[in-house]
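Asks: In full-length UniProt numbering, the protein residues as written are 1 to 74. Pasting a structure here, questions to come.
Listed below in structure tokens is the structure:
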């Protein structure tokens, strides 16, 4: 992703209709790479209890509060 930040920024500007800022580490690119690294690292730290494990599937269940979530849609 970091190698293609310029193209990702351009495509984001086209799809969202916002001004295109020609900077390799613009807000979208920088935070996208950080988010992918963060969520990718979570796969290595799976927590929870298991039940009915088979040779094909691993079943995990865990309860965590998500907190307050809000969304604004135009």
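Idealized CB from N, CA, C, for every residue including glycine.
Does the Cβ-Cβ distance between residue 8 and residue 1 come in under 9 Å?
Replies: A contact, by the Cβ cut-off of 9 Å.
Asks: Thinking just about the alpha-carbon of each residue, which of 71, 45, 68, 73 is nearest to the one in residue 62?
Replies: Closest by alpha carbon: 45.
Asks: Just mark residue 67 as buried or exposed, buried being the case when its beta carbon has 16 or more other beta carbons within 10 Å.
Replies: Classification of residue 67: exposed, given that the 10 Å Cβ count is below 16.
Asks: Can you tell which of 40, 47, 33 has the C-alpha that lies nearest to the C-alpha of residue 59?
Replies: Among 40, 47, 33, the Cα nearest to that of residue 59 is on 47.
Asks: Quick one: measure Cβ to Cβ for residue 5 and residue 40, integer angstroms, because I've assumed they're closer than 8 Å.
Replies: Wrong, their Cβ atoms sit about 17 Å apart, outside the cutoff.
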